[in-house]
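K.L.:
Chains as they are written, first to last, in this note's numbering: chain A, -3 to 289; chain B, -3 to 289.
2 protein chains.
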Amino acid sequence: MDPAAAAIRWVVDTRELRYFVAVAEELHFGRAAQRLGIAQPPLSRAISLLERRLGTALLTRTSRSVALTEPGAVLLREGRTALDALEAAEHRTRRSARAAEGEAGVVLVAKAGASGELLAKLLDAYAAEPGAVRVDVELCGPGQQARLLRSGRADVALLHRPFDDTSGLDVEELLTEGQVAVLPAGHPLTAHRELRLADLDDVPDLPHPRWPGPDGSYAAGRGPEVRDSTQLLQLVSLGRTLMVVPGSVRAQLGEGVVAVPVVDAPEVTTVIAWPPHSRSRAVAGLVQAALRL
Amino acid sequence: MDPAAAAIRWVVDTRELRYFVAVAEELHFGRAAQRLGIAQPPLSRAISLLERRLGTALLTRTSRSVALTEPGAVLLREGRTALDALEAAEHRTRRSARAAEGEAGVVLVAKAGASGELLAKLLDAYAAEPGAVRVDVELCGPGQQARLLRSGRADVALLHRPFDDTSGLDVEELLTEGQVAVLPAGHPLTAHRELRLADLDDVPDLPHPRWPGPDGSYAAGRGPEVRDSTQLLQLVSLGRTLMVVPGSVRAQLGEGVVAVPVVDAPEVTTVIAWPPHSRSRAVAGLVQAALRL
DNA sequence: CGGATCCATACCGCTGAGGTATCGGTCGTT
DNA sequence: AACGACCGATACCTCAGCGGTATGGATCCG
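#1: What residues match up with B:Trp270 in a beta bridge as DSSP calls it?
#2: What is the rounded straight-line gap between the Cα of B:Leu54 and the Cα of A:His87?
#3: Does DSSP classify A:Glu330 as helix, strand or coil?
#4: Output the boundary residues of the beta strand (DSSP E) element that contains A:Val133.
#5: For A:Pro220, name the three-state secondary structure that DSSP assigns.
#6: Three or more C-beta pairs closer than 8 Å, one from the segment 95 to 105 of chain A and one from the segment 121 to 139 of chain A: is that the case here?
#7: Does the beta carbon of B:Thr56 sit closer than 9 Å to a beta carbon anywhere in chain A?
#8: Taking three-plus beta-carbon pairs below 8 Å as touching, is the segment 137 to 154 of chain A in contact with the segment 5 to 21 of chain B?
#9: Output, in sequence order along the chain, the residues in the segment 97 to 110 of chain A whose CB is closer than 7 Å to any CB in chain B.
#10: So which residues on chain A does B:Gly75 lean against when the C-beta distance must stay under 7 Å?
#11: Buried or exposed, going by whether 16 or more other CB atoms sit within 10 Å of the CB of A:His273?
#12: Taking A:Pro242 and A:Glu169 to be in contact with their CB atoms under 8 Å, please state how far apart those CB atoms are, rounded to whole angstroms.
#13: Should B:Ala269 be labelled buried (16 or more other beta-carbon atoms within 10 Å of its own) or exposed?
#14: Using a Cβ distance threshold of 8 Å, determine whether the segment 89 to 98 of chain A contacts the segment 119 to 128 of chain A, with at least three qualifying pairs required.
#15: Smallest Cα separation from A:Val245: which of A:Leu32, A:Ser61 and A:Leu115?
#16: Could you tell me the alpha carbon to alpha carbon distance between B:Ala142 and A:Leu238, rounded to whole angstroms?
#17: Can you check whether the C-beta of B:Pro184 is within less than 9 Å of a C-beta belonging to chain A?
#18: Is it right to say B:Leu179 is buried, meaning 16 or more other beta carbons lie within 10 angstroms of its own, or is it exposed?
#19: Quick check for students: name the residue ranges of the alpha helix (DSSP H) that lie wholly in the segment 17 to 61 of chain A, counting only runs of 4 or more.
#20: Taking the alpha helix (DSSP H) that A:Leu118 falls in, what are its first and last residues?
#21: For B:Val17, go through chain A and note every residue whose CB falls closer than 7 Å to its CB, in chain order.
#22: Over the uninterrupted beta strand (DSSP E) stretch that includes B:Arg157, give me the two end residues.
#23: Report the option in A:Gln284, A:Pro271 and A:Ala278 whose CA atom is closest to the CA atom of A:Ala81.
#24: Compute the beta-carbon to beta-carbon distance between B:Val167 and B:Pro257, rounded to the nearest angstrom, for a pair I have assumed lies under 8 Å.
#25: Which residues, in chain order, does the segment 267 to 289 of chain A contribute to contact with chain B at a C-beta distance below 7 Å?
#26: So which residues of chain A does B:Val245 contact, with C-beta pairs closer than 9 Å?
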């Protein structure tokens, strides 16, 4: 192969891509540079060089604002998944090295507070199998699990459709259920036998809670900022907010809160998901165990 | 974030990964270096540095041979997909830039010679839709389509399960059908009304054809080496080989060959596939059109 | 109109990637 | 057994390019 042609094919390297993603997320060269631990000028240069090589503008900049162009938005989205894939390659290689030294183990992620019962049964069923390895359970905020899978920090995840994005992952469905609203005991709404989403939208004393986005920041709004579901549950029992969750969490509710079915909320399907092409025997075992539940 | 910690997180960059993949594929530092257009010593250095940073051996080398370790095999597989994702990011960004200039168009890949009728109907149906854009049809050898999708050189593909690997792609099923054996007219086997796979395995005068692997080389064997299905069909009518294909290709068979159902061959499902998270309106339109067929 | 803010440019120093020469170990041949 | 061919590792050198500091130029605010 012509070496020049081979070199030309590779316009983007990881460094530039990381730089671009940082700027695209911050929409501010100074802050992005700070986040990357470098000075602002080299960052400006790197980005404009990248643009020249791609032959397209990625950002429209005035001296007062930075915005993504259409191709820039594409590169942000695709670049993130590419960086995730790179990180995954590294993590899984390291994992494989540790496995070779006898330190096996899979990492399973689940949304903190959800699917508790299912998870417990799954772990029991898998542990009973011959050849089962250690399962490290990682609990995280909503919407984080798929990212952990894609970046190789986890091997299997319990996800909930339609909330979590399962595209690009291999999945098996485990359980489909309706949702319930969890309300403070004694609240007027608890008098109903069933509710509709519209009933919950503008309750003055119970604004919807706000979860952190992928970047860790919160959207604007009235509701309390929450980081995990224990915290959320406590806020509900204090009469500060409400939550709409899959019916199975009823089992874990304590005093001070009441669950009421929400009849027009979308059905939630709990799925077990793993990265495509997974060759891990442990992952396969976990999936088998989950399907037998 | 601590800049040092941020730097430490990124052990592998694209350059090193490309180098490693080349060596892992060639299993020979000299040839890999030649393929990469660099000298052998810097390649040796880069690999051993990568191994030191990952904290594990990727290759076992004697002065006469190079072999992959277990973690090395993992890095090869995961690294390839990561490089594909990077290439995809670049291609799709470029594509988006061209689209912004009015040069729209989607690239659809199909196995050369398969699904001809379905493909024609799909293109017609989509072209009739309002807002349809130009569709570039790319025909390629078997097993190449998924790679083209994953590396962003194509936007949609027609794949055939169980032959093609659809993991990590979004798919919709289009058609399921049985398979037929295509044989030279007049061959004794054509006397049967139906056949079994075992009947076709060791026909002395009709060895199975050999397709090129992902690296473009052929496996050892008696059968003729083929590169596309026209060539293959001609070889069948010349009495040199046979083929087992989905039933719908019967429509395109000409003189000199006969199709006989193979009752125990796995059913083939034709699916339309696209990369996960695709935001392309054109891709969505094609999928809709395909589902309406 | 002056100051603050923010991205781009100019210039410099140094890290590190790649090149050449060579070593050391293994296998095949005579 | 000795020699040569082969192949990966090491030593050493050169220079591209990455990041840093200083500064320019444009825009918005008071």
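Here a beta-carbon is modelled for each residue, glycine too, at the ideal position from N, C-alpha and C.
Every value quoted in this text rests on a predicted model; they were computed, and no experiment measured them.
P.N.:
Based on what the coordinates show:
#1: B:Trp270 is bridged to B:Asp166.
#2: 14 Å
#3: Within the shown structure, residues of chain A are numbered from -3 to 289, placing residue 330 of chain A beyond reach of any answer.
#4: Val131 to Cys136
#5: coil
#6: The answer is yes - the segment 121 to 139 of chain A touches the segment 95 to 105 of chain A, with three or more Cβ pairs under 8 Å.
#7: Cβ-Cβ to chain A under 9 Å: no for B:Thr56.
#8: no
#9: none
#10: Residues of chain A passing the Cβ test: Ala85.
#11: exposed
#12: In fact, because the Cβ distance is near 14 Å, the residues do not count as touching under 8 Å.
#13: With 16 or more other Cβ atoms within 10 Å, it is buried.
#14: no
#15: A:Leu115
#16: When the Cα atoms are used, B:Ala142 and A:Leu238 turn out to be separated by approximately 45 Å.
#17: no
#18: buried
#19: 25 to 32 and 36 to 50
#20: Gly112 to Ala123
#21: Near B:Val17 there are no residues of chain A at all, since even the closest Cβ is about 10 Å away, more than 7 Å.
#22: Val152 to Arg157
#23: A:Pro271
#24: Wrong, their Cβ atoms sit about 26 Å apart, outside the cutoff.
#25: Pro272 and His273
#26: Per Cβ cutoff of 9 Å: no residues; B:Val245 is ~29 Å from chain A at best.
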